[in-house]
Amino acid sequence: MAAGVVFLVGFLQIEVMNKNIFSIICFCMILITGCAQSASRKVVNEQVPEAKEDLIVIGFSQVGAESDWRKENSESMRSTFTRDKGYELIFEDAQQKQQNQITAIRTFIQREVDYIVLAPVTEDGWDTVLGEAKDAGIPVIIVDRMVNVDDDSLFTCWVGSDFKLESRKACAWLKSYLERQHMDPGDVNIVDIQGTIGSSAQIGRTTGLRDAVIENGWRLLDAVPGEYTQAKGREAAARMLEKYDNINVVYCENDNEAFGAIEALEAAGKKAGGNIRGGEVLVMSFDGVSRQALENLRNGSISCIGECNPLHGPRVKKIIENLEAGQTPDKYEYVEEDVFSGYERITEVTVDGTSYPVKIMGK
Ligand code: GYE
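Be aware that the sequence shown starts at 5, since it is given in the working numbering, and climbs by one per residue.
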């Protein structure tokens, strides 16, 4: 603006010297009009602040980015809650630390978001902060893993997987497979590479395996945390291979741990595969969301994957739409999940009298 005025003043000085009255009048008109416009713009800006879009503001506290499943879950939330669909998503990555999630929730409360969505890293330790959200009148939707609270009015609803059922389906597949290999149950020696200790997925998948071991007479040699990451999965499997020389099943509580376990087997001169009688080590896992996992099923290095569906964005959106319409969503919403395998001869598994299809991943 200042440069423009300097130019105009300079121009007027020249015109005055040339006694060109017409030009002077024209430029005065331009000057007055220009100032008036800028003033009107200024007045408009002062009178009508930029209209704040009427967005639904969601504060989402995500566990972290520890696995392929988590990345898919985050992408599902990000692609669902966009501005053009009427949402503002405040995404906070807790890097697998509960304190970061508690801090994020308190920030959401201060910012007076419309909804808080929490994917809790572990089940315990949420009563106080969820009480603060309740006092602030902000609905809390839990996704993926569960919270263990004394008062379940501290959250509006939960959507996620039945992790113990995932495990029971995968173990039913293992039972069926071992019978086809004519394996004596007493010769089945399993190690469990666990997920983040205290998380619902770990609790459900560990418990499901332990029940299956007892029901089928298998041997559970050990259970060690793999924290759902490939690096920790590799370290844990390597430790188990040094400690035990008779492992023939490695049960990994997610795919990324299985990728690490396969690396550890190869480093120990062993082969991940279904030919247990021929000395191979059967690797099984959970999730089934990455191209790598499906490739491992096809080449047999992972024999079975319990599906775990990460696409919670649309489900949470439906819940919020219901709440916005004054409706009450179901307190607990479980997602449907199957079993994946590359072994064609087992096409279904039965758990508690219910049959579930096995999706065969072709070669
Ligand atoms: O299996 C794993 C992720 O809570 C179901 O967490 C989720 C688990 C999933 O890191 O890959």
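Using N, Cα and C, we set each Cβ at its ideal position, and we do this for glycine too.
For residue i versus residue j, is the C-beta spacing smaller than 8 Å?
{"i": "D148", "j": "H316", "result": "yes"}
{"i": "Q100", "j": "G63", "result": "no"}
{"i": "P229", "j": "I266", "result": "no"}
{"i": "I142", "j": "Y119", "result": "yes"}
{"i": "N220", "j": "K179", "result": "yes"}
{"i": "C312", "j": "S165", "result": "yes"}
{"i": "I106", "j": "A140", "result": "no"}
{"i": "A268", "j": "A242", "result": "yes"}
{"i": "R223", "j": "I194", "result": "yes"}
{"i": "E170", "j": "E337", "result": "no"}
{"i": "Q83", "j": "L122", "result": "Gln is not the amino acid found at residue 83; the sequence shown has Ser there. No. Outside cutoff."}
{"i": "Y248", "j": "E70", "result": "no"}
{"i": "I350", "j": "Y181", "result": "yes"}
{"i": "T354", "j": "A216", "result": "no"}
{"i": "L286", "j": "V253", "result": "yes"}
{"i": "G277", "j": "E284", "result": "yes"}
{"i": "V61", "j": "A98", "result": "no"}
{"i": "Q198", "j": "Q206", "result": "yes"}
How far does the beta strand (DSSP E) with residue i in it reach, from first residue to last?
{"i": "Q296", "result": "Looking at the DSSP string, Q296 is not in any beta strand (DSSP E); the run it does join, the alpha helix (DSSP H), is 295 to 303."}
{"i": "V151", "result": "Segment: none, V151 is in no beta strand (DSSP E) and carries neither H nor E."}
{"i": "W162", "result": "161 to 164"}
{"i": "S83", "result": "Note, S83: premise wrong, no beta strand (DSSP E); alpha helix (DSSP H) at 72 to 84."}
{"i": "I280", "result": "Run containing I280: none; DSSP gives neither H nor E here."}
{"i": "T358", "result": "358 to 364"}
Say the cut is 7 Å; is the CB of residue i nearer than that to a heavy atom of ligand 1?
{"i": "N152", "result": "no"}
{"i": "D291", "result": "yes"}
{"i": "E70", "result": "yes"}
{"i": "G420", "result": "The chain is shown from 5 up to 367; residue 420 falls before or after that span and cannot be answered."}
{"i": "W73", "result": "yes"}
{"i": "A108", "result": "no"}
{"i": "A329", "result": "no"}
{"i": "R149", "result": "yes"}
{"i": "N258", "result": "yes"}
{"i": "A205", "result": "yes"}
{"i": "Y232", "result": "yes"}
{"i": "S294", "result": "no"}
{"i": "S165", "result": "yes"}
{"i": "C312", "result": "yes"}
What first and last residue would you give for the alpha helix (DSSP H) that runs through residue i?
{"i": "P318", "result": "317 to 328"}
{"i": "W177", "result": "167 to 184"}
{"i": "E352", "result": "Careful: E352 lies outside any alpha helix (DSSP H), inside the beta strand (DSSP E) at 352 to 355."}
{"i": "Q198", "result": "Looking at the DSSP string, Q198 is not in any alpha helix (DSSP H); the run it does join, the beta strand (DSSP E), is 193 to 198."}
{"i": "G208", "result": "204 to 220"}
{"i": "R243", "result": "234 to 247"}
Beta-carbon of residue i versus every beta-carbon of chain C: anything under 8 Å?
{"i": "I113", "result": "This model lacks chain C altogether; it includes just one protein chain."}
Validate contact between the region 231 to 240 and the region 209 to 216 using beta carbons, cut 8 Å, 3 pairs
no
Inspect the CB distances between the region 300 to 315 and the region 336 to 346 and report whether three or more fall short of 8 Å.
yes
Looking at C-beta atoms only, is the number of pairs between the region 187 to 196 and the region 152 to 167 that lie closer than 8 Å three or more?
no
contact_flag[the region 320 to 329, the region 285 to 301] where n(CB pairs < 8 Å) is 3 or more
no
Within the chosen definition, does the region 114 to 130 reach the region 82 to 101 through at least 3 CB pairs nearer than 8 Å?
yes
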